[in-house]
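Notes follow once the structure below has been shown.
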Amino acid sequence: MTTHIDKLALFSILDKKLLVVRSKGKSLFYLPGGKRELNETDHEALLREISEELAINLIPSTITYAATLEAQADGKPEGLLVKLTCYFANYDGAPTPAAEIEELRYIDSNDIEICSKAAILCVDWLKASNYIN
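Numbering (full-length UniProt numbering), first residue to last: 1 to 133.
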């Protein structure tokens, strides 16, 4: 039985705030990213997912591992965790909601009430590491 959902996430920070996204029909915000497809590396999957969700191109040479964090998966049975392998990266263009993304926002640690459990964990980690306010 699977005990976790394995995903990749982008830490995009602007003016000490973290970029989060909300899917169509959902109420909570989460980090942009997603699941690897068969035989994809983390970098390949992150490049594809971010291009699909935010209509931007990550600069491959800037993709840098940040952290791996786990939290209860929202809307899933208790004990089913989402494992986020998180990366920093620079990109060309301006993030724009695309594909299933309806809204994007830059948040700080005062905005966690709008976030998924995994996003809250990421916000806490980034604040403790002094990346965001």
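Think of the CB as a built atom: it goes at the ideal place given N, C-alpha and C, for glycine as much as any other residue.
Residues that DSSP places opposite residue i in a beta bridge
i, result
"residue 57", "92"
Spatially closest choice to residue i from the options, by CA coordinates
i, options, result
"residue 16", "119, 106 and 116", "106"
"residue 67", "125, 101 and 49", "125"
"residue 103", "20, 132 and 13", "20"
"residue 42", "89, 130, 114 and 116", "89"
"residue 123", "61, 44, 49 and 10", "10"
"residue 131", "114, 87 and 96", "87"
"residue 101", "27, 8 and 61", "27"
"residue 61", "52, 74, 75 and 46", "46"
"residue 65", "127, 8 and 128", "8"
"residue 75", "50, 117 and 133", "117"
CA-to-CA distance, residue j to residue i, given in whole angstroms
i, j, result
"residue 108", "residue 119", "11 Å"
"residue 71", "residue 78", "11 Å"
"residue 98", "residue 33", "12 Å"
"residue 13", "residue 54", "14 Å"
"residue 30", "residue 84", "11 Å"
"residue 113", "residue 38", "34 Å"
"residue 3", "residue 115", "22 Å"
"residue 35", "residue 82", "11 Å"
"residue 58", "residue 96", "13 Å"
"residue 6", "residue 91", "24 Å"
"residue 40", "residue 52", "15 Å"
"residue 129", "residue 23", "27 Å"
Completely contained alpha helix (DSSP H) runs for the UniProt domain "Nudix hydrolase" (1-128), where each covers 4 or more residues: 42-54 and 117-128
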